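Q: In full-length UniProt numbering, the protein residues as written are 1 to 230. In this text, a Cβ means the ideal position worked out from N, Cα and C, and glycines have one as well. All figures in this text were calculated on a predicted structure; none of them were measured in a lab. Quick one: structure below, then a few questions.
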Ligand code: SF4
């Protein structure tokens, strides 16, 4: 092999090894929330999250996981033959190379969604991706982490999700959507914290205040009691 070829080969190999992500799980299931509710979907769960929401239901994704080449992840996604792919966590954007995975999934023709905490910058996310972005209400313990500049990055196909654990959270959410004109930017989802408030209470508050938000319950909790891998 000539010197220049060796150099090209080593650069290519360095790029390949650089394009890896730490993955907790890849699984094939039914989307349990947001606009893609009910679609058969492949989930790619990235490891790690810099937040610690008190009601977090994916703490098992904070640590561990396995390093996987991005092309290998895309190949495993393809093996399930689904049109919808959801990149989730943890906080997937905590790994910068998540942006490469999102682009490759879009290039491959999937309908791609990204579940993100709202605490990290979303400006470099491929615009073909449907962002499902949280805004953290006070009872999460992480509302100081909301990166408000992200609201400017929302596209009409994106969604804002606010998880609500109390009447105080609800009133906070109502103020935030009014202050930022959120319902005119994209779909806004209100979701009750399982076991903290009755879903019916939240539904009745939304009706009483005539809010143009979408109430949602998590379908995967009904179907599989939220076991990992579903
Ligand atoms: S941002 Fe999501 S994964 Fe991270 S602690 Fe909060 S709920 Fe859990």
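1. Taking DSSP's pairing of strands, which residues face residue 164 in a bridge?
2. Whose C-beta lies closer than 7 Å to the C-beta of residue 135 among residues of the same chain, with five residues either side of it excluded?
3. Say the cut is 7 Å; is the CB of residue 231 nearer than that to a heavy atom of the ligand SF4?
4. Could you name the residues whose beta carbon sits closer than 6 Å to any heavy atom belonging to the ligand SF4, keeping them in chain order?
5. Are at least three pairs of beta-carbons, each pair with one atom in the segment 38-48 and one in the segment 183-197, less than 8 Å apart?
6. Just the Cα atoms here: how many angstroms apart are residue 213 and residue 200?
7. Look up residue 86 in the DSSP assignment and say whether it is helix, strand or coil.
8. May I ask you to report which of helix, strand or coil DSSP gives residue 131?
9. What does the Cβ neighbour count give for residue 247, buried or exposed, with the cut at 16 atoms within 10 Å?
10. What does a CB cutoff of less than 7 Å around residue 106 pick up in its chain, not counting 5 residues either side in sequence?
11. Which stretch, first to last residue, makes up the alpha helix (DSSP H) that contains residue 112?
12. Report the rounded CA-to-CA distance for residue 138 versus residue 96, giving the unit in angstroms.
13. Just to confirm my understanding: we take residue 13, look at its own chain, exclude 5 residues before and 5 after, and list those with CB closer than 7 Å. What are they?
14. Using DSSP with H/G/I as helix, E/B as strand and the rest coil, what is residue 150?
15. Can you list, in chain order, the residues of its chain whose CB lies under 7 Å from that of residue 187, leaving out five sequence neighbours each side?
16. Measuring straight from C-alpha to C-alpha, what distance separates residue 28 and residue 171?
17. Can residue 93 and residue 51 be called in contact, C-beta distance under 8 Å?
18. Does the Cβ of residue 31 have 16 or more other Cβ atoms within 10 Å, making it buried, or fewer, making it exposed?
A: Result, derived from the coordinates:
1. 192
2. 118, 146, 160, 162, 176
3. The chain is shown only over 1 to 230; residue 231 falls outside these bounds and no answer can be derived.
4. 49, 51, 52, 53, 56, 58, 89, 90, 91, 117
5. no
6. 15 Å
7. strand
8. strand
9. Nothing can be reported for residue 247, as the shown portion of the chain is limited to 1 through 230.
10. 112, 126, 128, 129
11. That residue, residue 112, is in no alpha helix (DSSP H); its beta strand (DSSP E) goes 111-116.
12. 27 Å
13. Because residue 13 carries a pLDDT of 43, less than 50, the predicted location of this residue cannot be relied on, and no value is offered for it.
14. helix
15. 35, 159, 214
16. 36 Å
17. no
18. buried
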